[in-house]
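Below is one structure, written out as structure tokens, with a few remarks after it.
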Amino acid sequence: MSLPAGRPTVRALQPSLIRKLSNSAIGKTDVIPLWFGEPDKPTPEFIRQAAKDAIDEGQTFYQPNLGILELRQALAHYQNGLYGTALTAENIGVTPSGMTALAVALQCVVAEGAAVVLPSPVWPNLPAAAEILGAEVLRVSLRPRCDAWRLDLDELFDACPKNTGALLINSPNNPTGWMLENDEQRQIIEFCRERDIWLIADEVYNRIVYDRDCAPSFADKVTEDDKYLIVNSFSKSWAMTGWRLGWLTAPKSLIGTLAAVAEFNFSCIFAPTQIAGITALKEGEDFVRASMGRYLAARDMVVSRFAELPRVTLPLPSAAFYAFFSVDGVTDSYAFAERVLHECGVGLAPGAAFGPQGEGYLRLCFAAEPPLLDRALTQMQPLLE
Ligand SMILES: Cc1ncc(COP(=O)(O)O)c(C=O)c1O
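Position in the sequence shown (from 1) plus 36 gives the number in my numbering.
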């Protein structure tokens, strides 16, 4: 008899190469960790306090599947302020993380055997969440052109077979910092309408953008008749990665289904976490803007230091907080990231973690303090020169 293992689809999942590399360094105290995608600062004090108060008040009971009404209202209001939309609480479902929002969105609309088409390189959890459901994942390459990453829309549309269940688009993109423009988003929606395909848009980096206040969103281009789901999260904008709080924006007609899928996945979210979310939305705008100032300075520092290294090519990231760079002669990004770890004491994510399109690249998260970044860049210099 064979040893117990999961069903074949789950057994076939590839463990994250970022985790594999970082696990290999557990216990090493002298590594500068720039491999994960999170701000280096803890959640602001006023947000933490709101959660503490809620715990002290005894808010420890089950909550509604789609989230506390006040949080859903605050999320609709927040997005209406950003995009000029007319969303209401009935367009919003709160989830325990952006990751769960993604998983739930896919569960709502993707049937086993359907194709899910997505631009890549991309955060590995997107394709994996579709693969768990038995979907066939098809990747379309983002390509670096004239110092920035681009997506050829015709290539994207041509890649969608008859059985396409959803287009899954992460913009602003992790790891490249690529971002769709408004006109491209309109063309994508038009295509989805014509082909009757669901659009799942992962917009968790919508507030980390370097040339404007927020990234273009599908939110202000879709209608109640469109088949869409937008994934978002408190993790990046308000430095709340550990809290696990995200949300979905969807047409009102889908919200009943969403509540059922939520019930059978996670049922509800801890009230103090949701109250922290309400506080972040109502009082956190200054924090979001101040963080952007820090990331912009960090990005410019990394870009100028890499510009001095002829072997390094870094297409300018217009959003998110990653430098996704290639090094002349490097074809095995995992092996090279291991060398960076062991010879330079710096933890980077290997590009292969983001799909075959990411091979040859490395991702450095620059959401860190300048002295730490400076030290990491100095330690890596001999290997990159
Ligand atoms: C593109 C993308 N989507 C979604 C998430 C999920 O964020 P969380 O689960 O922390 O809310 C991440 C986190 O790294 C991400 O990079």
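Even glycine gets a Cβ: it sits at the ideal position worked out from N, Cα and C. These numbers come from a predicted model, not from an experiment.
Host alpha helix (DSSP H) of residue i (start-end)
i    : result
Y119 : L105 to Y119
P418 : P406 to L420
A296 : I291 to N301
A125 : It is not in any alpha helix (DSSP H) - A125 carries neither H nor E in the DSSP assignment.
A312 : A307 to E319
I91  : E81 to D92
N59  : L53 to N59
L142 : G134 to V145
P44  : P44 to R47
R229 : N218 to R231
First and last residue of the uninterrupted beta strand (DSSP E) at residue i
i    : result
C401 : Y397 to C401
T200 : T200 to N206
P180 : R179 to R181
V130 : I128 to T131
A237 : W234 to D238
I266 : Y264 to S269
T285 : G282 to T285
Residue i (DSSP reduced to helix, strand or coil)
i    : result
W159 : coil
Y358 : strand
R186 : strand
S369 : helix
V338 : helix
P69  : strand
G383 : strand
A151 : strand
R172 : The sequence given here has Glu at residue 172, not Arg. Strand.
T349 : strand
V245 : strand
V324 : helix
7 Å CB neighbourhood of residue i in its chain, flanking five on each side removed
i    : result
P69  : G383
A48  : none
L420 : L345, R347, V348 and V363
N116 : A122 and L123
Y119 : S253, A255 and D256
A466 : Coverage of the chain is limited to positions 37 through 421, which leaves residue 466 absent and any answer about it impossible.
K88  : none
E220 : L189
A412 : I68, L70 and V382
Sequence-distant residues of its chain with Cβ nearer than 6 Å to residue i (five each side left out)
i    : result
P430 : The structure shown does not extend to residue 430, since the chain is modelled only from 37 through 421, so no value can be given for it.
A237 : I205, F254 and I266
T79  : A275 and M276
P197 : A151
L317 : A110 and Y114
Burial state of residue i, where buried means 16 or more other Cβ atoms lie within 10 Å
i    : result
Y98  : exposed
L488 : Because the chain in this structure spans residues 37 to 421, residue 488 falls outside the shown range and cannot be described.
L138 : buried
C182 : exposed
T65  : exposed
K288 : exposed
N209 : buried
P40  : exposed
M60  : Residue identity check: residue 60 is Ser in the sequence provided, not Met. Exposed, because fewer than 16 other Cβ atoms sit within 10 Å of the Cβ of S60.
K263 : buried
I62  : exposed
S38  : exposed
Own chain, CB closer than 8 Å to residue i, minus 5 neighbours either side, in chain order
i    : result
S156 : P163, R175, V176, S177, L178, F390, G391, P392, Q393 and G394
I91  : P308
Supposed contact pair residue j and residue i - C-beta distance, whole angstroms, cut 8 Å
i    : j    : result
G396 : V366 : 6 Å
V130 : L102 : 6 Å
L184 : V173 : In the sequence as displayed, the identity of residue 184 is Ala instead of Leu. A184 to V173, Cβ: 25 Å. No contact.
Contact with chain B by residue i, beta-carbon distance below 8 Å
i    : result
L174 : This model lacks chain B altogether, as it is built from one protein chain only.
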